[in-house]
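In our numbering, the protein residues as written are 24 to 208.
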Amino acid sequence: GIYKSTDGGRTFTNVGLRDSHHIDEIVTHPTDANIVYVAAQGHLWGYNRERGTFRTTDGGGTWTKLTRGLPDDDRMGASDITMDPSNPRVLYAGMWERIRKPFTFESGGPNGGIYKSTDGGDSWTKLTAGLPAGDIGKVVVDVYRKDPRMLIAFVEHGFQPAQNSPDYRDMTKLGSGIYRSEDGG
């Protein structure tokens, strides 16, 4: 779950999301410390409802799962959340479906990818231009501080040609890699 300290880190109190298990990112609003966003992956070995993107507006007293435009099921977690440093109402979330099984690790699904909110997380739009189509795995995204229109994202995708394949160095085929947007996605 999420733990909060009000004494500079000497003590911590659990303030919720106890069943989320894996937390990838915590983002605090720059001028209102009561507004906090969380990217929760959920259980590794099973599916659960407490996974995805969450927000509190009362310092952790209550949490709301952000679902308007984001995938909302017990399979889809969030691998990242980041805030535009020049506008705290603009957020980017990486959504990731994954599960560990005894002899395999499944990563990726049709709803995985990068999502953008321009209203503080109330609603979200999936960004697809210039990104691979199909099942997307883990996504990590960041905003360049000097120019918040520039995003850098690591995207895991299923297209992985063999090294001896003619497609191995064919950069026209989108797959796993680092992607850059210069127009806010």
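Even for Gly, the Cβ is constructed at its ideal location relative to N, Cα and C.
Check                                                                                                                                                                : Outcome
Please check the pair residue 25 and residue 61, which I expect to be a contact at CB under 8 angstroms, by giving their CB distance rounded to whole angstroms.     : 6 angstroms
Could you spell out where the beta strand (DSSP E) holding residue 50 opens and where it closes?                                                                     : 45-51
When you compare each of 82, 33, 75, 31 to residue 55 by their alpha carbons, which one comes out closest?                                                           : 82
Applying the criterion that 16 or more other CB atoms from any shown protein chain within 10 Å of the CB defines a buried residue, is residue 145 buried or exposed? : exposed
What does a CB cutoff of less than 7 angstroms around residue 40 pick up in its chain, not counting 5 residues either side in sequence?                              : 24, 25, 61, 63, 73, 77, 86
Suppose contacts are defined by Cβ-Cβ distances below 8 angstroms. Is residue 118 in contact with residue 166 by that definition?                                    : no
Following the continuous beta strand (DSSP E) through residue 120, name the residue where it begins and the one where it ends.                                       : 110-124
Which partner residues does residue 106 have in the DSSP bridge list?                                                                                                : 114
Are the beta-carbon atoms belonging to residue 104 and residue 135 less than 8 angstroms from one another?                                                           : no
Let me confirm a value: residue 175 is counted as buried when at least 16 other C-beta atoms fall within 10 Å, else exposed. Which label applies?                    : exposed
Helix, strand or coil for residue 41, going by three-state DSSP, please let me know.                                                                                 : helix
Do residue 150 and residue 178 have their C-beta atoms closer together than 8 angstroms?                                                                             : no
Do residue 138 and residue 156 come within 8 angstroms of each other at the CB atom, strictly closer than that value?                                                : no
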